[in-house]
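What follows is a short report on a single structure.
Residue numbers (the working numbering), protein chains in the order written: chain A, 49 to 203; chain B, 898 to 1024.
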């Protein structure tokens, strides 16, 4: 006699709050984070491959990188937006990835909270610093030797 | 008795190792990124400060570290696209192992020209 096993579809809809592993307040944060990793990942592939190609493969490659090179790029709003997007997306993507790893391996509450606090503070400092650098950058600082500056500073 | 269950679909196979590789490369890239934002922030200190630090990157030893960094980034990028296909493409889970070999193939295709170009620039001193 054949045994027929019918697998029931999982119950859909809301899970009663007593069966969820988190409080009600957390909402769909984890799903948002999961989706963000995929969306930002696709964009970062384009941004970072472009960044590496322009900075390391074109012209003299790594030898061309100096203050004048960075100043020349950031004189163009295109590269400002490119680098700002890359900074924010990569930092959020990386911070969320490391958060996931801390959650996976740090079993004690105290360790987990400490590591995540350090992570969030470090990430916030880096994002704020990077953003300020891009927006307050002066390609022609007073007092700097002319040969270190991009050519448009002499005008 | 062995603690390792035999013949599981995932453990010890493509799925698990790509997951390990994704985590290891991800963490390495993240720590590099923190340092990279700090070194770039030196443009705000002075042209001399920035040029002095960047100059320490332009030698064959650092070129090898950069090659390792780019290798990690390229793997993480292609494997990340594979993860997206597993999650969103109907046949993704079925082809997840084959797609890892696709990731490794693409990684070789990108890394070979990159290494030739980057290392020849780094080891010849440029200009």
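Cβ atoms here follow ideal geometry from the backbone N, Cα and C, with glycine treated the same way.
In the structure shown, residue 960 of chain B falls within a helical segment according to DSSP collapsed to helix, strand and coil. Note on geometry: alpha-carbon atoms of residue 984 of chain B and residue 169 of chain A lie some 31 Å from one another.
Distance from residue 196 of chain A to residue 115 of chain A at the Cβ level is roughly 5 Å; contact confirmed, criterion being Cβ atoms closer than 8 Å. Nearest neighbour of residue 180 of chain A by Cα position, chosen from A:157, A:150, A:128 and A:159, turns out to be A:128. For residue 86 of chain A, the enclosing alpha helix (DSSP H) has its first and last residue at 77-100. In its chain, beyond the 5 residues on either side, 133 and 137 have a beta carbon closer than 8 Å to the beta carbon of residue 91 of chain A. Of the other Cβ atoms in all chains shown, 16 or more fall within 10 Å of the Cβ of residue 967 of chain B; this residue is therefore buried. Distance check between residue 174 of chain A and each of B:927, B:994, B:956 and B:975 places B:927 closest, using alpha-carbon atoms only. Rounded to whole angstroms, the gap between the alpha carbons of residue 54 of chain A and residue 935 of chain B is 59 Å. Using a Cβ-Cβ cut-off of 8 Å, residue 915 of chain B does not count as an interface residue toward chain A, since no Cβ of chain A sits closer than that to its own.
Distances from the CA of residue 117 of chain A to each of B:961, B:940, B:963 and B:959 were compared; the closest alpha carbon is that of B:940. Residues of the stretch 89-106 of chain A with a C-beta less than 8 Å from any C-beta of chain B: 89, 90, 92, 93, 96, 97, 100, 104 and 105, listed in chain order.
Cβ-Cβ distances below 7 Å link residue 1016 of chain B to 960 and 964 in the same chain, with the five nearest sequence neighbours on each side left out; the list follows chain order. Contact of residue 945 of chain B with chain A by beta-carbon distance below 9 Å involves 115, 192, 193 and 196. Within the stretch 914-938 of chain B, contact with chain A at the beta-carbon level (separation under 8 Å) is assigned to 920, 923, 924, 926, 927, 930, 931, 934, 935, 937 and 938.
Counted as a single uninterrupted DSSP element, the alpha helix (DSSP H) harbouring residue 159 of chain A occupies residues 157-184. For residue 86 of chain A, the residues of chain B that pass the 9 Å Cβ criterion are 977, 980, 981, 984 and 985, in the order they occur in the chain.
In this structure the stretch 142-157 of chain A lies against the stretch 915-924 of chain B, because at least three pairs of beta carbons, one per stretch, are closer than 8 Å. Counting along the chain, the unbroken alpha helix (DSSP H) around residue 915 of chain B starts and ends at 911-938. For the pair residue 958 of chain B and residue 81 of chain A, the Cα-to-Cα distance works out to about 37 Å. Fewer than three pairs of CB atoms, one per stretch, sit closer than 8 Å, so the stretch 999-1017 of chain B makes no contact with the stretch 942-953 of chain B.
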